[in-house]
């Protein structure tokens with residue numbers, strides 16, 4: 006068994022069942038091993054930003070890591086922006102990168118680069134495997150590192166000669182470390198705050214935004230009158246009818262400050278204290294009121310769900326009373342395209358158990374408010390602010406959850422970063438309906454230019470904010486990658502295309518010029 | 006004058022007249038300064054791989070740096086793969102990256118990253134500007150660092166608060182350092198080798214592949230019967246009728262070894278000794294004969310052209326005798342599409358003074374041989390092996406040389422990495438004719454899989470090498486980005502579309518299914 010085979014067989018033993026990849030010459034022995042490992046579904050991306058974003062989406066929905074397989078330093082570099090987002094989502098990814106044969110590196114050939122240096126900024130665990138006999142063990146440790154709570158990126162670099170050398174073996178997978186509980190004092194303090202009568206919010210992150218963690222948070226909120234909040238960037242939120250209500254802190258500074266102004270106490274569960282996305286001259290970055298006490302119940306790496314359980318117990322909560330969202334959805338709207346009309350149409354039609362991937366930027370800011378009463382569904386957003394995540398994330402979510410429908414909301418500016426994901430959707434026959442909001446603008450930059458006090462942009466600055474001239478034609482782009490698309494100019498056909506998308510086999514795209 | 010203004014005014018003073026960019030919120034003060042700096046042409050890319058590849062193409066054709074303006078760590082990360090290629094091309098680029106306000110970094114907000122760490126692998130010069138009063142000087146030093154022979158990437162990181170703070174000034178541009186001459190012994194030894202009667206080749210790189218350097222190399226070759234070679238990756242080669250003949254070392258190992266086998270002496274001018282692109286088990290990486298003596302006349306950073314001048318003088322060359330390529334071009338071919346037919350059509354039609362950007366991969370391997378007798382033109386190829394450079398490079402070359410026609414040869418696999426460049430071509434009205442060779446394959450991987458002794462790929466490996474299912478439709482992709490395209494299935498319409506492309510205003514695309 007060579008090093009590549011020991012890598013792949015150890016991945017299988019460690020429960021890895023999906024590999025998102027764009028391999029090259031230096032990874033071909035791994036490809037040969039994957040060729041024989043039918044336990045792992047291999048999904049090709051035509052660009053590595055698709056690969057890493059899909060691995061993120063897969064992890065968010067499955068709760069476990071996929072692996073990637075990337076070609077040398079440049080392949081890794083192309084995947085780096087969505088690894089940035091994944092590192093902020095705190096998801097597990099086993100990020101495998103090929104390297105030249107060790108003895109070849111001295112020649113400094115064109116594709117040679119310092120892969121460890123490129124990987125380091127976004128890898129919580131990083132290793133080059135230097136001998137076939139160690140590759141299995143390295144892979145096992147990478148899996149455990151990736152799965153170490155709350156989830157992290159583990160990068161394993163495999164030189165070609167290590168891959169092709171005999172002497173490998175399948176390593177045993179060590180036990181997954183259990184996350185430590187926060188100190189009792191942290192739990193006691195949170196309980197005291199919740200009993201104090203002061204207006205209190207609980208800011209949730211990670212696995213407390215879905216499943217058991219969210220249910221417990223909902224019980225605590227219902228019993229104590231605390232409000233549940235999520236950061237503007239979150240990895241996955243379970244929501245809709247029956248789910249506890251969680252309000253997302255808005256992107257716009259003034260709106261966030263307004264929302265947070267009433268709270269005198271804020272309890273963090275895996276989340277950071279809320280601050281502005283960007284600094285502005287003369288403005289305070291901190292979004293909470295100066296009188297607000299901020300208390301950390303659980304830090305990243307600690308047992309968030311266990312912490313909430315302990316808090317519920319300390320509060321002597323009885324029963325399952327929770328402030329669940331009521332089921333309510335609007336009628337299908339009609340008439341001209343408006344942002345609120347688009348949101349209402351989504352709210353009217355979204356199928357039960359859907360996964361919504363939302364990178365609709367300025368165009369979709371009303372989308373979450375409109376859909377709170379929809380049938381139960383999950384919502385995924387951009388966690389790191391590097392645009393171009395929506396379609397890759399949708400690929401990964403659809404691979405993880407083949408029985409569920411994925412609605413992918415993207416803007417034209419962000420969509421152009423990784424539009425190659427459409428091709429992967431078509432190849433894999435993924436049930437993703439992509440809505441492209443085409444406002445022909447980097448609208449957020451226009452607003453920020455004004456917010457920063459820079460006045461009205463002149464024609465040269467305008468040219469950098471407007472992405473019309475020529476307009477992007479998303480229906481043609483989708484057709485070019487094998488995805489059927491349609492362009493709608495009023496709400497009825499939008500609703501019709503949405504319905505059709507949710508019923509069709511394979512991906513569709515709806516372009517909405519704004 | 007704030008820091009942003011002092012940056013931009015210093016760039017103008019330093020001769021920077023093009024900025025390739027995709028800015029974000031943290032760069033808006035620089036955008037405001039660029040808005041007022043009409044001396045700099047700002048070119049928007051919808052993805053940063055386009056931005057950095059265009060800066061590379063601009064530098065190759067103009068001989069001087071453009072600047073970029075990238076948004077934080079992720080914007081830089083997206084541009085990194087083409088910076089890898091640019092670093093291997095040894096071109097000058099002033100790579101400007103925005104950063105959060107210095108005091109904002111402690112908050113570790115979603116877009117925070119270690120930008121210096123991300124930039125370091127590909128930046129020969131790297132600095133964060135920490136005060137508005139220093140930004141002008143930092144910019145001046147970045148320009149000089151970028152232009153230090155043979156040309157390098159200088160990354161300047163500008164925090165938002167430094168950009169918006171008053172107290173900046175326009176810095177004087179220091180004198181450009183002159184590259185040192187190689188030692189006399191190196192010149193003497195090269196002369197002795199050329200006089201020895203042993204079969205000798207001169208391997209040229211950088212500026213010895215065009216202009217005065219190439220002319221001198223041609224005279225030396227003609228007088229000494231030496232052969233002129235170029236590495237497989239080169240930044241820019243002047244060629245065609247009247248130019249000295251330079252043979253490119255092939256990518257395929259066996260072909261390269263065959264070409265080099267006759268030489269007993271090899272003189273390097275800015276080039277590295279030829280080795281295989283990738284290692285193969287049991288094969289020798291060194292491509293030259295074991296009997297071949299390799300001598301370095303000039304190393305990167307030394308004065309290549311001066312070294313060739315000194316060598317010509319030492320050899321007492323008289324006159325301008327040079328082995329110039331004869332003018333000869335084939336008839337326009339007809340009939341079914343074949344690779345040799347496509348090459349012949351290009352050879353028959355290529356206009357004088359054209360710039361050919363060639364990333365046609367396996368499909369275009371006969372293209373250079375066919376065009377040696379064409380009217381004078383320049384040829385640009387992928388220098389670092391990170392695919393997805395052709396269309397961005399074409400953007401930069403066309404911006405640098407608005408009076409020249411650009412022919413961009415791309416494969417479907419490589420083209421999908423940075424197809425967003427088509428939109429920039431349309432927006433800027435660039436005279437680029439893109440030919441997309443659509444073989445529906447990562448063909449090089451299929452060949453290498455077999456070369457590595459891995460046998461025939463099974464269906465799962467095949468799926469990672471074949472990019473059909475669905476076929477990419479390049480005409481639709483181009484239409485989606487505002488570029489008129491056509492698909493041709495025989496040689497006459499290919500020739501017709503080429504001619505039309507070379508005559509049209511603005512970009513066109515020709516898809517050639519293979």
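Residue numbers (this note's numbering), protein chains in the order written: chain W, 6 to 519; chain A, 6 to 519.
Cβ coordinates follow ideal geometry from the N, Cα and C atoms, glycine included.
Taking only the alpha-carbon atoms, compute the straight-line gap between residue i and residue j and give it to the nearest angstrom.
| i | j | result |
| --- | --- | --- |
| residue 72/A | residue 37/W | 43 Å |
| residue 126/A | residue 111/W | 16 Å |
| residue 493/W | residue 518/W | 7 Å |
| residue 523/A | residue 482/W | Any question about residue 523/A goes unanswered here, given that chain A covers just 6 to 519. |
| residue 348/A | residue 271/A | 30 Å |
| residue 170/A | residue 120/A | 21 Å |
| residue 304/A | residue 63/W | 48 Å |
| residue 505/A | residue 46/W | 45 Å |
| residue 469/A | residue 116/W | 20 Å |
| residue 443/A | residue 224/A | 41 Å |
How should residue i be labelled, buried or exposed, when 16 other C-beta atoms within 10 angstroms of its C-beta is the threshold for buried?
| i | result |
| --- | --- |
| residue 28/W | buried |
| residue 399/W | buried |
| residue 474/W | exposed |
| residue 331/W | exposed |
| residue 31/W | buried |
| residue 288/A | exposed |
| residue 4/A | Missing from the structure shown is residue 4/A; chain A here goes from 6 to 519 and no further. |
| residue 90/W | buried |
Can you name the start and end residues of the alpha helix (DSSP H) that residue i belongs to?
| i | result |
| --- | --- |
| residue 34/A | 33-41 |
| residue 148/A | 137-152 |
| residue 520/W | Because chain W here runs from 6 to 519, residue 520/W falls outside it and cannot be looked at. |
| residue 411/W | Unbroken run through residue 411/W is the beta strand (DSSP E), 411-416; no alpha helix (DSSP H). |
| residue 77/A | 77-94 |
| residue 356/W | From DSSP, residue 356/W is part of no alpha helix (DSSP H); its letter is neither H nor E. |
Mind checking which residues open and close the beta strand (DSSP E) that includes residue i?
| i | result |
| --- | --- |
| residue 1/W | No information on residue 1/W is available, as it lies outside the stretch 6 to 519 that chain W covers here. |
| residue 363/A | 360-364 |
| residue 243/A | 242-244 |
| residue 46/A | 46-49 |
| residue 159/W | 158-164 |
| residue 235/W | 232-235 |
| residue 382/W | 382-386 |
| residue 103/A | 98-104 |
Let me know the secondary structure DSSP gives residue i once reduced to three states.
| i | result |
| --- | --- |
| residue 178/W | coil |
| residue 486/W | coil |
| residue 294/W | coil |
| residue 216/W | helix |
| residue 110/W | helix |
| residue 471/W | strand |
| residue 21/W | coil |
| residue 7/A | strand |
| residue 257/A | coil |
| residue 185/A | coil |
| residue 132/W | strand |
| residue 337/A | coil |
Name, in chain order, the residues that DSSP records as bridge partners for residue i.
| i | result |
| --- | --- |
| residue 515/A | 440/A and 491/A |
| residue 272/A | 207/A and 300/A |
| residue 479/W | Paired residue(s): none; residue 479/W is not in a bridge. |
| residue 351/W | None; residue 351/W has no bridge partner. |
| residue 446/A | 471/A |
| residue 171/A | 7/A |
| residue 572/W | Outside the displayed span of chain W (6 to 519) sits residue 572/W, for which this structure offers no information. |
| residue 466/A | In the DSSP output, where bridge partners are listed per residue, residue 466/A has none listed. |
| residue 252/A | 234/A |
| residue 308/A | Paired residues: none, contrary to the question. |
| residue 329/A | 249/A |
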